[in-house]
Each structure stands twice: as structure tokens, then as C-alpha cells.
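> Going by numbering that gives the first Met the number 0, the sequence shown opens with residue 0, and the numbers climb by one from there.
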Amino acid sequence: MAGHDQFAVATAPADQRFHAADLARVRRDLRSARSAPPVESATTRSRHILLVDDNIDAAATLAELLQLLGHEVAIAHDGRSALAMAQPGNWDTYVLDIGLPDMTGFELAERLRSGMAAPHATFIALTGYGQPHDRVMSKAAGFDHHMVKPPNVPRLIEILDGA
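1) Based on the DSSP secondary-structure assignment, which residues constitute the bridge partners of Glu-71?
2) Smallest Cα separation from Met-49: which of Ala-62, Met-136, Lys-148 and Ala-140?
3) In whole angstroms, give me the CA-to-CA distance for Pro-150 and Ile-158.
4) Measuring only the C-alpha atoms, how far is Met-84 from Glu-109?
5) Less than 6 angstroms between C-beta atoms, sequence neighbours within five positions excluded: which residues of the same chain meet that for Pro-153?
6) In this structure, how does DSSP classify Gly-78 when only helix, strand and coil are distinguished?
7) Just curious, the alpha helix (DSSP H) that Ala-140 is in, first and last residue?
8) Please classify Ser-137 as buried or exposed, where buried requires at least 16 other C-beta atoms within 10 Å of its C-beta.
9) Just how far apart, CA to CA, sit Gly-104 and Met-146?
10) Closer than 8 angstroms, CB to CB, is Gly-98 near chain B or not?
11) Count the other C-beta atoms from every protein chain shown that fall within 10 angstroms of the C-beta of Gly-114, then say buried if there are 16 or more, exposed otherwise.
12) Taking one C-beta from the segment 69 to 80 and one from the segment 123 to 132 each time, how about it: are there three or more such pairs within less than 8 angstroms?
13) If you drop the 5 nearest sequence neighbours on each side, which residues of the same chain put their C-beta closer than 6 angstroms to that of Leu-99?
14) Could you tell me whether the Cβ atoms of Asp-91 and Ala-117 are closer together than 8 angstroms?
15) Can you give the Cα-Cα distance for Ala-140 and Val-51, rounded to whole angstroms?
16) Would you report the Cα separation of Leu-111 and Gly-127, rounded to the nearest angstrom?
17) Identify, in the order they occur along the chain, each residue of the same chain with its Cβ nearer than 6 angstroms to the Cβ of Val-72, setting aside the five sequence neighbours on each side.
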């Protein structure tokens, strides 16, 4: 059972809880992004992102941050919903949690890569799992990048700018 300063994701092992402090850090980054002047960069382009995470608050916070950065974002909270939203050509970037309630993010990435996603689409695993074997599994499932929650926002921006 999670204490008052943390909450547990139902599919995450007990030792991989997403703490409220982690969400607070992402929210601080979000407030900072809101108050900063718009970033002008010749390399920055708007991306069409499908964000899949069963943690509703974390997904909403990250989606808001990405929208502030000029990206179009849609959210799904499970694999089945993501597959229903994944029409070819709709998305150029997929940010997927690994521990989803109905399938793993690995399975979802493999299914999307097998014909639903554009060949040039960028896949980012955003997960609480950060061991070396987790990164190997992400690569094998077709992910281009593996990020551990909470996201390192400057690194995520760098990935999106380079994708």
C-alpha cells in the first residue's frame, strides 16, 4: 500500500513506485516552461505524439508540457485504446509506458511497428524500469529511445528535436 507521499502504479513492482516528489519535479519543469519565453529553433518542429501511460496524472502533466512546447499530443491509458487511435500517418512519435494494464509497452510497440506506425516514426519507452536488461528489451521491441520516469525534460526535448 502506498503512503501519503507516494502512489503505486498497479502494474509496477512494489520497489518501482512513482513518488509524488517525481511528479512534483515534472510539474516544476512545466511551470518553468510556462514562464520561459518561447524557444525559437530552426531544428524544432511540431510533432504528432501518441502518449500511452496508465498513470492519468503523469500522462496529463507530460502531455501539457509537450503541448506547451508546440507538439500535438493525444493520450491513451492502455494498449487497446492506443491501437484504436493508431491510424497510419496520424503519429510520428509514440511515447509508451512499459507497464500497461492490458499488454506491455513492448508488445504495443511491436504491434505498432508491424504496420500501424509510419516507418519513420520515433518510439520512446518512458518507464519506471531502468536496468540494463530493460533497455535491451526496449531495443528488441523496436524502441528508438529508453527513458526512465520521471522524464529528463531537456533530454526528451533533445530527442524530439532530433527525431
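We put the beta carbon where it would ideally sit given N, CA and C, even for glycine.
Just so you know, these numbers come straight off a predicted model, no measurement behind them.
Reading from the atomic positions:
1) Glu-71 pairs with His-47.
2) Looking at the sequence shown, residue 49 is not Met but Leu. When only C-alpha atoms are compared, the closest one is Ala-62.
3) When rounded, the distance between both Cα atoms is 12 angstroms.
4) When rounded, the distance between both Cα atoms is 16 angstroms.
5) Nothing listed; no residue qualifies.
6) DSSP places Gly-78 in the helix class (H, G or I) of the three-state scheme.
7) It spans 131 to 140 - the alpha helix (DSSP H) in which Ala-140 sits, taken as one unbroken run.
8) Counting Cβ neighbours within 10 Å, Ser-137 comes out buried, since at least 16 surround it.
9) A straight line joining the alpha-carbon of Gly-104 with that of Met-146 spans about 13 angstroms.
10) Of the protein chains in the structure, only one exists, and it is not chain B.
11) Around the beta carbon of Gly-114, fewer than 16 other beta carbons sit within 10 angstroms, so the residue counts as exposed.
12) Too few Cβ pairs lie closer than 8 angstroms, so no.
13) Once the five neighbours on either side are set aside, the close Cβ partners of Leu-99 are Asp-53, Asp-77 and Gly-78.
14) Yes.
15) Rounded to the nearest angstrom, the two C-alpha atoms are 16 angstroms apart.
16) Cα to Cα, Leu-111 sits roughly 21 angstroms from Gly-127.
17) So the qualifying residues of the chain are Ile-48, Leu-50, Ala-62, Leu-65 and Gln-66.
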